[in-house]
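As structure tokens, the structure follows; a few thoughts come after it.
In full-length UniProt numbering, the protein residues as written are 1 to 329.
Pasting the structure below:
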């Protein structure tokens, strides 16, 4: 079972109402756009805007004590009235500087603004939230993310969430920024040389974009998984969300979707019930793979869309995907 991130627990526990921008940070509410894999989210890597126009105001009267990089003690006078799109940097870190384009992992504490009580913490189980990706698109859409750029690791930043549209509790979220990394832009690793000769033939452009020769591939009754490039990153489990680029085809060679042509990445949950749901063939086929890998999946209808038509995908279709695994959290 996936380790639940603090913002998703806050969503479930409080059903908080919040601004659209803050919701994206907290995963507290908001809709999604479905694509041809049943996925719920994709993000552009090349948005022209680099920062949100929404103003972020300072929260006064919030302090923190404790060693940098450890769980802080957050203090404020209660009851506190908090507003959305507010923040306070309560600990200046001593690590590397966080940059635009980074993926940031943060340990979090949610505190009741009325009485200061702790509602949730990721520190005890060491389950940091690594969904924070400081891409141009996210910086343009999510005001709190803009305040993380330029901070140093081990900084603690507090955000206000006003639950004025709900009967629940307004709260403060204290994020300690514990690590930073860069997502890959394409599969990077060792080329697999013993790919069975009867499988579709995949070639790649210099930028990593795949092309395919179906090589007579027909319908299948069971899932086919073939690693094409073996990455050296973390091994995926059924608790992970993965960040990928992909292309998908019917067995007649018709391409029905590709993140490469849209210059986007996609987040996909390898577990059920998440906010980035994908078809069963993806969940089963990507488990055990490693970050940096490129994977060929040939997916039978019962692990795709079965007897249901899905957009341009006919009912009872076998689907062929080439997936580059760029990151996982």
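We put the CB at the ideal spot given by N, CA and C, even for glycine.
In this text the structure is predicted, and so the values were computed from the model without any measurement.
Helix, strand or coil at residue 260 according to DSSP, with G and I counted as helix:
helix
Using the Cα positions of residue 69 and residue 125, report the straight-line distance between them to the nearest angstrom.
15 angstroms
Whole-angstrom C-beta distance between residue 161 and residue 171, which should lie under 8 angstroms
Right, the Cβ-Cβ distance comes to about 5 angstroms (below 8 angstroms), so this counts as a contact.
Nearest-angstrom Cα distance between residue 148 and residue 66?
Spanning the two alpha carbons is a distance of roughly 20 angstroms.
Does DSSP put residue 134 in a helix, in a strand, or in coil?
coil
Here's a check: name, in chain order, each residue in its chain whose Cβ is nearer than 8 angstroms to the Cβ of residue 96, leaving out the five neighbours to either side.
152, 153 and 180
Residue 271 (DSSP reduced to helix, strand or coil):
coil
Which whole runs of the beta strand (DSSP E) in the stretch 111-188 are 3 residues long or more, in chain order?
118-121, 129-133, 156-161 and 171-182
Just confirm the distance between the C-beta atoms of residue 91 and residue 156, as a whole number of angstroms; I'd bet it's less than 8 angstroms.
Contact annotation, residue 91 with residue 156: C-beta distance approximately 4 angstroms; criterion of less than 8 angstroms satisfied.
Do you know how far the Cα of residue 193 is from the Cα of residue 120?
48 angstroms
What's the gap between the Cα of residue 327 and the Cα of residue 208?
Taking the straight line joining both Cα atoms gives about 15 angstroms.
Quick check on the burial criterion: 16 or more other C-beta atoms within 10 angstroms. Buried or exposed for residue 182?
exposed
Flag this pair as yes or no: are the beta carbons of residue 317 and residue 250 separated by less than 7 angstroms?
yes
Give me, in chain order, the residues of the same chain whose beta-carbon lies closer than 8 angstroms to that of residue 72; leave out the 5 immediate sequence neighbours on both sides.
These residues qualify, in order along the chain: 64, 65, 66, 90, 91, 109, 156, 174 and 176.
Cα-Cα, which of 242, 288, 237 and 304 is closest to residue 280?
304
In whole angstroms, what separates the C-alpha of residue 128 from that of residue 253?
Those two C-alpha atoms are separated by around 41 angstroms.
When you compare each of 239, 240, 285 and 263 to residue 227 by their alpha carbons, which one comes out closest?
285
Assuming residue 289 and residue 298 are in contact, meaning their beta carbons sit under 8 angstroms apart, how far apart are those beta carbons, in whole angstroms?
Contact flag wrong, Cβ pair sits at about 15 angstroms.
Among 139, 255, 259 and 323, which residue has its Cα nearest to the Cα of residue 314?
255
Smallest Cα separation from residue 122: which of 115, 189 and 178?
178
Whole-angstrom Cβ separation of residue 101 and residue 131, contact assumed at under 8 angstroms?
Rounded, the Cβ-Cβ distance is 15 angstroms, inconsistent with contact.
Which of helix, strand or coil DSSP assigns to residue 303
helix
Complete beta strand (DSSP E) runs within the stretch 211-260 (minimum length 3 residues, chain order)
224-231, 241-250 and 255-258
Buried or exposed for residue 41, please, with buried defined as at least 16 other CB atoms from any protein chain shown within 10 angstroms of its CB.
Legend: pLDDT at residue 41 = 38, less than 50; position of this residue unreliable, value from coordinates given subsequently. The residue is buried, with at least 16 neighbouring Cβ atoms inside 10 Å.
Just to confirm the assignment, what range does the beta strand (DSSP E) spanning residue 283 have?
Run containing residue 283: none in the beta strand (DSSP E); it sits in the alpha helix (DSSP H), 280-286.
Taking all protein chains shown into account, do 16 or more other C-beta atoms lie within 10 angstroms of the C-beta of residue 245, making it buried, or fewer, making it exposed?
buried
Kindly list the residues whose CB is nearer than 7 angstroms to the CB of residue 238, restricted to its own chain and excluding five residues on each side of it in sequence; keep chain order.
270, 271 and 287
Report buried or exposed for residue 196, applying the criterion of at least 16 other Cβ atoms within 10 angstroms of its Cβ.
exposed
Could you tell me which residues DSSP pairs with residue 297 in its beta bridges?
225 and 321, per the DSSP bridge assignment.
Tell me whether residue 311 sits in a helix, a strand or coil according to DSSP, three-state version.
coil
So who's on the other strand from residue 89, going by DSSP bridges?
157
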